[in-house]
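>
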Amino acid sequence: MNEVPLGRFDIYALALPRGHGFGDQLPHEAWETDDGKALAIITRHTDHGDLGLIVMRRRTDGVWATTCDLLGLVDADAARDRARVELREGEPPEPVPPGVQRRTALYDLEGREPSETFKMLTANSHRNVAWLLNQLYLSLPRPDRNWAADCQTENFHTRLWEAQLLASFREQGLLVTQPCESPDFLIENRKGGTAWVEAVTANPQARFEPVGAIPSSQPEQNEELFFGAAALRFAKTIGSKLQRRYADMDHVAGHPFAIALEDFHAPSSMVWSREALLGYLYGFGAEAIEVDGKRVAAGYEVDRLLGSSQFPAGMFRDEAHAELSAVIFTNACALSKFNRAALTRGMQSHVGRYVRYGRFYDRNPGALDGIPFCLDVLSHEYRALWPQGWEPWCAELEVFHNPFARHPLPTQLLPEASHWLEIDGAMDCRHYYDTGILWSRSLIMAADDPMPTYETLPAWFDPRVRNKRSFTEIVDNIAQVGLKRPITVTRRVEADGPFYDLVCGQGRLEAYQELGQIEVPALVVLADPEDCLIASLVENCARRQHSAIDLLQDIGGMRKRGHSLPQIARKTGLTLEYVSGVGRLLEKGEQRLLRSVEARTIPLSVAVDIAEAEDHDVQRALQLAYEKGTLRGRKLMAAKRIVEERRRRGKHLRQQTGKPPVNQKLSPAALIRAYQEDVDRKRGLIRRANVARDRLLLVTEALRRLSLSEQFTALIEDEGLGTMPENLALHLDRMEASS
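Going letter by letter, the sequence shown gives residues 1 to 739 in full-length UniProt numbering.
#1: Quick one: give me the first and last residue of the alpha helix (DSSP H) that D77 is part of.
#2: Which class does A105 belong to by DSSP, given the choice of helix, strand or coil?
#3: Report, in whole angstroms, the separation of the C-beta atoms of P210 and T330, which I expect to be a contact under 8 Å.
#4: For V85, count neighbouring Cβ atoms within 10 angstroms of its own Cβ and tell me buried if that reaches 16, exposed if not.
#5: Could you round the C-beta distance between V327 and F264 to whole angstroms and report it? I think they count as a contact, below 8 Å.
#6: Check whether the stretch 229-244 touches the stretch 295-311, taking contact to mean three or more Cβ pairs, one atom from each stretch, closer than 8 Å.
#7: So which of G581, D424, C333 and M427 has the shortest CA-CA distance to S605?
#8: So, with DSSP's three-state summary, where would you put Y500?
#9: With respect to the beta strand (DSSP E) encompassing V582, which residues constitute its N-terminal and C-terminal limits?
#10: With I478 and A511 assumed to form a contact (beta carbons below 8 Å), what rounded beta-carbon distance in angstroms separates them?
#11: Between D449, R704 and E223, which lies nearest to G285 when the distance is taken from Cα to Cα?
#12: Are the CB atoms of L509 and V475 within a distance shorter than 8 Å?
#13: Compute the Euclidean distance between the alpha carbons of P93 and N203, then round it to the nearest angstrom.
#14: If you check the beta carbons only, do A611 and R649 fall under 8 Å apart?
#15: Can you tell me which of the three DSSP states H126 falls into?
#16: Tell me whether Y354 sits in a helix, a strand or coil according to DSSP, three-state version.
#17: What's the C-alpha gap between A123 and D10?
#18: For my contact list, M445 and V520 are in at a C-beta cut-off of 8 Å; report their separation, rounded to the angstrom.
#19: Please list, in chain order, all residues of the same chain as T177 whose beta carbon is under 6 Å from its beta carbon, the five residues on each side excluded.
#20: Using only the alpha-carbon positions, how far apart do V597 and Q218 sit?
#21: Grab me the residues of D303's own chain with a C-beta within less than 7 Å of its C-beta, minus the 5 sequence neighbours each way, in chain order.
#22: How many Å lie between N134 and I534 at the Cα?
#23: Output needed for D424: all residues of its chain with C-beta closer than 6 Å, excluding positions within five of it in sequence on either side, in chain order.
#24: Leaving aside the five residues before and after D609 along the sequence, list all residues of the same chain whose C-beta is less than 6 Å from its C-beta, in chain order.
#25: Drop a sphere of 10 angstroms on the beta-carbon of S547, count the other beta-carbons inside from all chains shown, and report buried for 16 or more, exposed for fewer.
#26: Can you give me the C-alpha to C-alpha distance between T572 and R485, rounded to a whole angstrom?
#27: Roughly how many whole angstroms lie between the Cα atoms of Y361 and W439?
#28: Between G23 and L174, how many whole angstroms is the CB-CB distance? I'm expecting something under 8 Å.
#29: In or out: A213 buried (at least 16 other Cβ within 10 Å) or exposed?
#30: Are the beta-carbon atoms belonging to A79 and L73 less than 8 Å from one another?
#31: At which residues does the alpha helix (DSSP H) containing F338 begin and terminate?
#32: For the beta strand (DSSP E) that T117 lies in, which residues bound it at each end?
#33: According to DSSP, is L409 part of a helix, a strand, or is it coil?
#34: Tell me the DSSP bridge mates of P372?
#35: Using a Cβ-Cβ distance under 8 Å, would E262 count as near chain C?
#36: Taking all protein chains shown into account, do 16 or more other C-beta atoms lie within 10 angstroms of the C-beta of Y300, making it buried, or fewer, making it exposed?
Here it is, written out as structure tokens:
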């Protein structure tokens with residue numbers, strides 16, 4: 001038998017009824033047969049160290065069957081000996097039990113014509129997706145009879161969403177069953193909390209082919225984003241499910257009921273549509289206003305969605321839909337999510353480089369824009385975003401709670417999701433992971449392609465705000481330093497001419513028009529129409545997106561060629577302060593800091609202070625930046641990570657190879673460390689929560705007793721403090737009534 005790599009064990013464990021929820025009997029070692037059709041998990045109790053053994057063997061239809069689950073083994077050697085026996089190396093698979101529906105093979109088309117999306121699973125770039133989707137399909141407790149057929153054809157995304165939900169639930173240690181045809185899932189934790197979940201997808205009015213479809217862009221108007229077509233599509237999708245009255249079914253009544261909604265109403269719409277879900281559920285939107293010279297977010301409420309239907313907004317603003325406890329959503333149910341999940345867990349990469357870019361949540365109060373990122377999925381920097389060392393299934397999972405729910409969904413039931421709650425009339429989002437993904441997309445690149453940065457990605461790669469911003473930057477640059485390169489045109493001879501056809505330079509031409517110019521410098525070429533089209537195509541195909549380091553190195557090159565700092569600033573359109581700072585970082589070889597400056601993670605002035613500080617003074621530089629207000633909140637945390645990375649790996653950036661990380665063996669020490677860290681972290685959370693609770697009880701009890709003292713009350717009234725906050729007064733009254 002062979003040790004199972006840690007990442008693959010993480011996937012196999014999702015087939016267990018409680019997934020990763022081992023309780024106090026944590027995994028200690030994992031072994032598999034040579035053919036990979038039997039798995040043994042040796043467990044150890046966290047307190048007294050007793051050993052146990054769980055063995056799973058494949059059935060003839062590929063589903064895992066638990067054939068052994070025992071405790072009380074003497075020692076590790078005895079556990080391994082018993083595992084060898086129970087694995088039954090070389091024996092035939094387990095039979096499908098009588099009365100149990102045989103699982104249809106996911107890749108047996110049975111004469112059906114597969115969808116283009118399903119066909120993609122045969123490509124090298126999606127081999128990991130195919131393997132992982134099949135593992136989750138075989139892990140479902142009791143899927144529909146037509147699950148495989150739906151997945152192969154037009155309902156691929158619906159089944160993909162169900163598979164991802166299973167992984168997200170069992171990753172959190174939930175017991176997931178499918179005891180009834182509807183709703184789709186019953187989830188339970190070890191403390192007795194339960195909920196029923198119905199999975200649904202928001203689909204387009206007219207079907208489109210997802211493969212090759214041009215991604216949709218975020219609506220430009222704020223009202224359209226929150227209350228437009230996407231919100232209306234969500235309203236109709238949720239409404240159609242509620243009409244089936246799941247909450248009134250005998251087996252659901254008395255339990256929380258949630259709808260797990262995923263958005264496929266337009267190509268890549270889930271990237272930007274979560275605002276529409278907020279708009280429909282809570283009837284509020286947010287817009288940017290200027291206060292004291294600063295852009296801040298301001299909320300506003302509406303009672304109707306846009307459009308002629310005048311559909312009501314604010315489903316969760318009253319008791320009309322108290323039967324719905326919550327809506328579960330993610331902005332990352334896609335093939336790319338499955339690819340990243342496999343790669344970060346050590347599966348073999350079949351492409352050169354896999355890049356994820358987008359924006360992290362900026363959790364500073366009033367923040368409007370997320371924090372940009374662009375990372376190689378196989379890099380240590382990406383995998384270190386999460387404590388597991390790989391991308392969790394719940395990384396983007398969000399739960400929108402109904403404050404008027406008849407049976408509220410406990411947050412403890414989905415502890416690793418982000419929860420939107422109404423607290424004292426205001427919306428609050430509580431996150432589990434330090435890293436939250438506002439939106440993202442993925443790129444597959446060749447191994448020798450330069451690693452891009454967020455700023456060097458083409459403008460249309462950003463579905464939310466990049467197009468307008470990038471064009472504005474072009475316009476501003478031309479206004480300040482002029483046109484560096486004329487557009488290219490060819491003359492077209494006609495009776496009323498001359499006329500000119502544009503060959504290259506559409507963006508520069510539109511920028512000149514934006515500036516109100518009626519003339520633009522141009523090169524006129526004489527060529528056949530075919531040659532002009534080829535020239536335009538070749539320029540677009542050959543255009544190379546240089547990395548931030550390459551672009552900033554040009555400043556150093558200009559200095560070496562004898563240009564002064566003011567000359568460089570004038571030629572590049574950058575400020576003299578920026579050019580001077582970049583030059584100092586280049587002189588010191590600070591490539592890592594330069595990349596962070598270009599990505600706007602660290603201000604240039606702070607990067608220069610760090611570069612010029614001795615090792616023991618770097619923390620002092622961060623402290624000064626915090627005191628000045630240039631580094632706060634999320635940016636301060638990012639800066640600390642970059643400084644630590646610089647200390648461990650040096651100033652220079654190493655060339656990315658695109659090779660996957662070597663699979664880690666599931667040694668006893670590795671298993672104990674991984675799961676013990678998780679247990680310690682959760683115990684720490686509980687301990688801090690208990691301390692906070694005790695302190696609050698102490699404070700409220702002290703206030704209650706002081707409020708009963710006439711001497712104290714008179715003293716307070718003498719100071720003009722005769723009243724207290726209404727909520728606090730109500731709480732003290734309740735305490736007094738219960739005492």
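Where is the CB? At the ideal position from N, CA and C, for every residue including glycine.
Inspection of the coordinates gives the following:
#1: Here the alpha helix (DSSP H) through D77 covers A76 to L87.
#2: Three-state DSSP puts A105 in coil, outside helix and strand.
#3: Actually they are not in contact, since the Cβ atoms of P210 and T330 sit about 17 Å apart, beyond 8 Å.
#4: So V85 ends up on the exposed side.
#5: Not really, about 16 Å apart at Cβ, beyond 8 Å.
#6: In short, these stretches touch, since the Cβ pair count reaches three.
#7: Nearest option by C-alpha distance: G581.
#8: When secondary structure is reduced to three states using DSSP, Y500 falls in the strand class.
#9: For V582, there is no enclosing beta strand (DSSP E); the enclosing alpha helix (DSSP H) has its first and last residue at L576 to E587.
#10: Between I478 and A511 a beta carbon distance of about 5 Å is seen, short of the 8 Å cut, so the two are scored as contacting.
#11: Distances from the alpha-carbon of G285 to those of D449, R704 and E223 put E223 closest.
#12: Taking 8 Å as the Cβ cut-off, V475 and L509 do not qualify as a contacting pair.
#13: Rounded to whole angstroms, P93 to N203 spans 40 Å at the Cα level.
#14: Going by beta carbons, A611 and R649 fall outside the 8 Å limit.
#15: H126 falls in the helix class under three-state DSSP.
#16: Strand, per DSSP.
#17: Near 24 Å, if we compare the C-alpha coordinates of D10 and A123.
#18: That belief does not hold up - the Cβ atoms of M445 and V520 are roughly 34 Å apart, past 8 Å.
#19: Closer than 6 Å at the Cβ level, and outside the excluded window around T177, lie P141 and L186.
#20: Looking at the backbone, the Cα of V597 and that of Q218 are separated by about 27 Å.
#21: Closer than 7 Å at Cβ, skipping near neighbours: G283, P312, A313 and G314.
#22: Looking at the two C-alpha atoms, the distance is approximately 44 Å.
#23: Nothing meets the Cβ criterion.
#24: Answer for D609: A621, listed in chain order.
#25: Its pLDDT being 48, under 50, S547 is placed unreliably in this model, and the coordinates cannot settle the point.
#26: Rounded to the nearest angstrom, the two C-alpha atoms are 13 Å apart.
#27: Between Y361 and W439, the C-alpha separation is close to 9 Å.
#28: Not a contact, Cβ separation roughly 12 Å.
#29: Exposure of A213 is indicated by the presence of fewer than 16 other C-beta atoms within 10 angstroms of its C-beta.
#30: L73 sits close to A79, with the two beta carbons spaced by under 8 Å.
#31: It spans L335 to T344 - the alpha helix (DSSP H) in which F338 sits, taken as one unbroken run.
#32: Note, T117: premise wrong, no beta strand (DSSP E); alpha helix (DSSP H) at E116 to K119.
#33: Three-state result, L409: coil.
#34: Answer by DSSP bridge pairing, in chain order: R359.
#35: In the structure shown, chain C cannot be found, because there is only a single protein chain.
#36: Burial check for Y300: the Cβ neighbour count within 10 Å stays below 16, so the residue is exposed.
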